[in-house]
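Data block below; observations after.
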Amino acid sequence: MFLTYQRLAGTLLAELPALWFGLTGPIEWFLDTVVGPTMDLLAEVLGAPMLAYPFMQRAYLAAVCIAVIGPLVGTFLVHREMSMLSDTLAHTAFAGVAVGLFLNSALSLSLSPLLTAFVVAIVTALLVELLVEHAGAYTDTSLAMVLTGGFAVGSILITATDGGIAVGIDAYLFGSLATVSTANVGILVLMSLIVGGLVTLTYRPLLYVTFDATAAQAARLNVRLYKRLMVVLTALVVVSAMQIMGVILVAAMLVVPVAAAAKVAGSFKQSISLAILAAEFAAIAGVTLSYVYGIAAGGSIVVAAIAVYVAVLGVQKLAHRLPTVQRLRSLRTRQPRDGLEADGGERE
Numbered sequence: 001m002f003l004t005y006q007r008l009a010g011t012l013l014a015e016l017p018a019l020w021f022g023l024t025g026p027i028e029w030f031l032d033t034v035v036g037p038t039m040d041l042l043a044e045v046l047g048a049p050m051l052a053y054p055f056m057q058r059a060y061l062a063a064v065c066i067a068v069i070g071p072l073v074g075t076f077l078v079h080r081e082m083s084m085l086s087d088t089l090a091h092t093a094f095a096g097v098a099v100g101l102f103l104n105s106a107l108s109l110s111l112s113p114l115l116t117a118f119v120v121a122i123v124t125a126l127l128v129e130l131l132v133e134h135a136g137a138y139t140d141t142s143l144a145m146v147l148t149g150g151f152a153v154g155s156i157l158i159t160a161t162d163g164g165i166a167v168g169i170d171a172y173l174f175g176s177l178a179t180v181s182t183a184n185v186g187i188l189v190l191m192s193l194i195v196g197g198l199v200t201l202t203y204r205p206l207l208y209v210t211f212d213a214t215a216a217q218a219a220r221l222n223v224r225l226y227k228r229l230m231v232v233l234t235a236l237v238v239v240s241a242m243q244i245m246g247v248i249l250v251a252a253m254l255v256v257p258v259a260a261a262a263k264v265a266g267s268f269k270q271s272i273s274l275a276i277l278a279a280e281f282a283a284i285a286g287v288t289l290s291y292v293y294g295i296a297a298g299g300s301i302v303v304a305a306i307a308v309y310v311a312v313l314g315v316q317k318l319a320h321r322l323p324t325v326q327r328l329r330s331l332r333t334r335q336p337r338d339g340l341e342a343d344g345g346e347r348e
């Protein structure tokens with residue numbers, strides 16, 4: 001089984017560039033023949049012209065993809081108590097973007113900042129997993145050092161060019177609907193296929209490692225392999241979502257919907273499903289609010305996700321209080337029988 005997954009991972013990495021560029025054509029066809037006409041019809045029925053704009057159609061499709069892969073990976077992270085990993089990789093991805101923009105500016109190259117972000121984030125993910133293995137009780141300290149170090153490197157590269165790349169990096173920091181291109185949507189669709197496929201194939205081992213790594217080790221599972229697979233998948237999700245969510249907020253989509261789902265889910269699979277539903281609602285609502293009010297897409301999506309969490313928490317608290325209130329009311333309105341009080345004493 002180990003060799004099978006290893007070959008699969010190697011094949012996916014080898015074919016990644018071909019898949020990336022090969023998806024551009026099909027994505028354009030899908031947008032033009034499926035998404036476009038469907039959204040145009042919805043625009044007429046709902047009286048919402050924004051749904052007919054091509055850049056909004058791309059933004060909605062990108063947000064829907066993010067809302068799937070974010071909770072899909074985030075559920076494993078949250079239950080492994082490594083929520084901070086997503087934030088750490090997001091900030092190192094920022095350094096990867098800065099590296100790409102710096103090399104383009106200093107050496108007159110034409111590197112894709114997303115490509116350098118992928119490379120830096122994956123290398124950092126493997127480094128972080130190595131640190132976590134040897135850090136023991138100091139895991140949070142190790143993650144905090146990598147997080148701040150990545151952001152520091154990014155800021156140094158920005159100032160090294162006298163701020164010349166600051167304009168180009170703003171879209172990656174805060175996210176933007178206008179910068180979501182067909183290629184960006186293609187990347188997200190590709191990542192959705194890769195992440196979804198790998199999680200489906202390795203679901204049981206990942207679940208076992210997440211909840212009881214010691215028992216998984218005793219069962220002769222390659223625990224180290226599956227832990228590294230999870231951090232690499234996290235890096236892929238973070239970099240893919242960075243363009244629309246922004247580096248600062250992308251980690252929230254791996255954590256907040258999962259936290260909301262965990263309040264009501266009865267099983268791990270149900271937690272994943274409910275987290276994806278919560279994320280989809282937040283993504284669609286956030287993109288809509290972003291356009292209507294002219295605010296940042298990433299911030300809108302995260303605020304919508306937090307609103308879902310607060311609503312779930314409120315309903316849960318209310319559901320726990322209702323039975324108590326009903327019992328108290330029944331005790332107050334209960335009438336004593338045969339001249340006896342509720343405590344058994346006789347009436348005077």
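At position 131 of the sequence shown (counting the first as 1) the number is 131 in the UniProt record's numbering, and the numbers step up by one without a gap.
Where is the CB? At the ideal position from N, CA and C, for every residue including glycine.
- Ile69 is positioned such that its CB atom lies no closer than 8 angstroms to that of Met145.
- Here Leu289 has Ser300 as same chain residues with Cβ atoms under 6 angstroms from its own Cβ, once five neighbours each way along the sequence are excluded.
- Under the criterion of beta carbons closer than 8 angstroms, Phe174 and Gly266 do not qualify as touching, at roughly 37 angstroms.
- For Ser240, the closest of Thr159, Ile276 and Val195 by C-alpha to C-alpha distance is Val195.
- Counting only the Cα atoms, Phe151 lies some 15 angstroms from Val238.
- Annotation: Val264 is outside any alpha helix (DSSP H) and is labelled neither H nor E by DSSP.
- The continuous alpha helix (DSSP H) containing Gly74 extends over residues Pro54 to His79.
- Closest in alpha carbon position to Ala106, among Leu221, Tyr293, Ala160 and Leu115, is Ala160.
- Taken through DSSP and simplified to helix, strand or coil, Leu198 comes out as helix.
- One Cα belongs to Val303, the other to Ala297, and the distance between them is close to 10 angstroms.
- A contact is defined here as three or more CB-CB pairs under 8 angstroms, and the region 124-131 meets this definition with respect to the region 86-93.
- Assignment of alpha helix (DSSP H) within the region 77-121, counting only whole runs of 4 or more residues, yields 84-107 in chain order.
- When secondary structure is reduced to three states using DSSP, Ser300 falls in the helix class.
- If you check the CB distance, Ala59 and Met39 do not come in under 8 angstroms.
- Val315 and Ile156 have their C-alpha atoms spaced approximately 46 angstroms apart.
- Where Leu177 is concerned, there is no enclosing alpha helix (DSSP H), because DSSP gives it neither an H nor an E.
- A contact is defined here as three or more CB-CB pairs under 8 angstroms, and the region 24-36 fails this definition with respect to the region 195-212.
- The DSSP-derived three-state label of Ala251 is coil.
- Comparing alpha carbon positions, the residue from Ala261, Tyr293, Tyr226 and Tyr291 closest to Ala279 is Ala261.
- Following the DSSP letters along the chain, one finds Leu229 inside the alpha helix (DSSP H) bounded by residues Val223 to Met245.
- In this model, Leu61 and Val97 are separated by some 23 angstroms (Cα to Cα).
- With fewer than 16 neighbouring CB atoms inside 10 Å of its own CB, Ala311 falls in the exposed class.
- Take the alpha-carbon of Val64 and the one of Pro54: they are about 15 angstroms apart.
- Annotated as proximal: Ala305 and Ala282, with beta-carbon spacing under 8 angstroms.
- Judged by DSSP secondary structure, Gly36 falls within the alpha helix (DSSP H) whose first and last residues are Gly36 to Leu46.
- Non-local C-beta neighbours of Val264 in its own chain, meaning closer than 8 angstroms and more than five positions away in sequence, comprise Leu274, Val312 and Gln316, ordered along the chain.
- Secondary structure at Asp212: coil, using DSSP grouped into helix, strand and coil.
- For Gly197, the number of other beta carbons within 10 angstroms of its own is below 16, and it is reported as exposed.
- Distance from Gln243 to Thr179 at the Cβ level is roughly 6 angstroms; contact confirmed, criterion being Cβ atoms closer than 8 angstroms.
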